[in-house]
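In order, the protein sequences belong to chains A and B.
Residue numbers for the first sequence follow our numbering, so the first one is 1 and each next one is one higher.
Residue numbers for the second sequence follow our numbering, so the first one is 111 and each next one is one higher.
C-beta: ideal position from N, C-alpha, C; glycine also.
Have a look at the structure below, then the notes.
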Amino acid sequence: DQQVKQNSPSLSVQEGRISILNCDYTNSMFDYFLWYKKYPAEGPTFLISISSIKDKNEDGRFTVFLNKSAKHLSLHIVPSQPGDSAVYFCGSRGFQKLVFGTGTRLLVSP
Amino acid sequence: DTAVSQTPKYLVTQMGNDKSIKCEQNLGHDTMYWYKQDSKKFLKIMFSYNNKELIINETVPNRFSPKSPDKAHLNLHINSLELGDSAVYFCASSPTSRSTDTQYFGPGTRLTVL
Numbered sequence: 001d002q003q004v005k006q007n008s009p010s011l012s013v014q015e016g017r018i019s020i021l022n023c024d025y026t027n028s029m030f031d032y033f034l035w036y037k038k039y040p041a042e043g044p045t046f047l048i049s050i051s052s053i054k055d056k057n058e059d060g061r062f063t064v065f066l067n068k069s070a071k072h073l074s075l076h077i078v079p080s081q082p083g084d085s086a087v088y089f090c091g092s093r094g095f096q097k098l099v100f101g102t103g104t105r106l107l108v109s110p
Numbered sequence: 111d112t113a114v115s116q117t118p119k120y121l122v123t124q125m126g127n128d129k130s131i132k133c134e135q136n137l138g139h140d141t142m143y144w145y146k147q148d149s150k151k152f153l154k155i156m157f158s159y160n161n162k163e164l165i166i167n168e169t170v171p172n173r174f175s176p177k178s179p180d181k182a183h184l185n186l187h188i189n190s191l192e193l194g195d196s197a198v199y200f201c202a203s204s205p206t207s208r209s210t211d212t213q214y215f216g217p218g219t220r221l222t223v224l
């Protein structure tokens, strides 16, 4: 069962524009959500998180939005930079466990 | 200094063999994890240890046996390797087992079973 879904396997954006990565989850017991970023041949690194009691969290160029009623979260990157090119994993936590989506590959072209 | 390290980085072996992957963290964390990323890119938790005690054990074949000699190390031993075990295995650690703790991942071990 796929409790966390990232339906877009890839996304291409021009430098300076906004990147929007989407994630849907099915388990209403999840209470904490995270985005991780992964470069080739490296492990995922933490990017930003949001608690279920909030609907928005911002950190510099990165903003995560949470819509609990729709069980949907999104990551906005603005402005996008070529160094943001990576695979982005959405993660949802509950019961001491982190459940990841399959990732979205973001390519930011100059 | 590497925070979470794994050895080896690549492992190619024949079906039926037994192999181990080692993981070490120098962050002073209490909790360590093993994840498997399969060919479909799902990144799934396998095991979690907190202070050397097993706290999460997902539905994983008992051919997989984690061992934590101390809280800085979590090794993964796999018996009788099968083709379906081919994947990238990531080790991770976090300060505690609290759900809000950030997890720090190692670089991964790519296992190929022939």
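Euclidean distance between Cα positions of residue i and residue j
{"i": "residue 189 of chain B", "j": "residue 10 of chain A", "result": "36 Å"}
{"i": "residue 8 of chain A", "j": "residue 81 of chain A", "result": "20 Å"}
{"i": "residue 166 of chain B", "j": "residue 158 of chain B", "result": "5 Å"}
{"i": "residue 181 of chain B", "j": "residue 132 of chain B", "result": "13 Å"}
{"i": "residue 177 of chain B", "j": "residue 76 of chain A", "result": "40 Å"}
{"i": "residue 223 of chain B", "j": "residue 194 of chain B", "result": "8 Å"}
{"i": "residue 203 of chain B", "j": "residue 140 of chain B", "result": "8 Å"}
{"i": "residue 152 of chain B", "j": "residue 5 of chain A", "result": "10 Å"}
{"i": "residue 94 of chain A", "j": "residue 155 of chain B", "result": "13 Å"}
{"i": "residue 45 of chain A", "j": "residue 90 of chain A", "result": "12 Å"}
{"i": "residue 49 of chain A", "j": "residue 61 of chain A", "result": "14 Å"}
{"i": "residue 28 of chain A", "j": "residue 107 of chain A", "result": "31 Å"}
{"i": "residue 30 of chain A", "j": "residue 92 of chain A", "result": "6 Å"}
{"i": "residue 113 of chain B", "j": "residue 187 of chain B", "result": "22 Å"}
{"i": "residue 164 of chain B", "j": "residue 21 of chain A", "result": "34 Å"}
{"i": "residue 175 of chain B", "j": "residue 138 of chain B", "result": "23 Å"}
Chain B residues whose Cβ lies nearer than 7 Å to that of residue i
{"i": "residue 133 of chain A", "result": "Residue 133 of chain A lies beyond the residue range present for chain A, which begins at 1 and ends at 110; the question has no answer from this structure."}
{"i": "residue 62 of chain A", "result": "By Cβ distance, chain B contributes nothing, its closest Cβ being about 15 Å from residue 62 of chain A, past 7 Å."}
Amino acids of chain A, ordered along the chain, whose beta-carbon sits closer than 7 Å to that of residue i
{"i": "residue 196 of chain B", "result": "Near residue 196 of chain B there are no residues of chain A at all, since even the closest Cβ is about 17 Å away, more than 7 Å."}
Nearest residue (CA-CA) to residue i, options the options
{"i": "residue 196 of chain B", "options": "B:160, B:220 and B:153", "result": "B:220"}
{"i": "residue 185 of chain B", "options": "B:123, B:137, B:142 and B:147", "result": "B:142"}
{"i": "residue 101 of chain A", "options": "B:128, B:161, B:147 and B:168", "result": "B:147"}
{"i": "residue 37 of chain A", "options": "A:84, A:88 and A:72", "result": "A:88"}
{"i": "residue 55 of chain A", "options": "A:86, A:96 and A:70", "result": "A:70"}
{"i": "residue 16 of chain A", "options": "A:85, A:103, A:105 and A:42", "result": "A:85"}
{"i": "residue 201 of chain B", "options": "A:19, A:59 and A:43", "result": "A:43"}
{"i": "residue 109 of chain A", "options": "A:51, A:19 and A:53", "result": "A:19"}
Chain B residues whose Cβ lies nearer than 9 Å to that of residue i
{"i": "residue 97 of chain A", "result": "155, 158, 166, 168 and 209"}
{"i": "residue 94 of chain A", "result": "209"}
{"i": "residue 65 of chain A", "result": "Correct list: empty, because the minimum Cβ distance to chain B is about 19 Å."}
Nearest-angstrom Cβ-Cβ length linking residue i and residue j, presumed shorter than 8 Å
{"i": "residue 35 of chain A", "j": "residue 64 of chain A", "result": "6 Å"}
{"i": "residue 144 of chain B", "j": "residue 199 of chain B", "result": "6 Å"}
{"i": "residue 115 of chain B", "j": "residue 218 of chain B", "result": "So it is not a contact: roughly 11 Å between Cβ atoms."}
Task: Where the region 27 to 58 of chain A meets chain B: residues whose CB sits under 9 Å from a CB there - done: 31, 32, 34, 36, 38, 41, 42, 43, 44, 45, 46, 49 and 51
Task: Against chain A: residues of the region 211 to 223 of chain B by CB proximity under 7 Å - done: 212, 213, 215, 216, 217 and 218
TODO: Could you name the residues of the region 179 to 203 of chain B whose beta carbon sits closer than 7 Å to any beta carbon of chain A, in the order they occur along the chain?
DONE: 200
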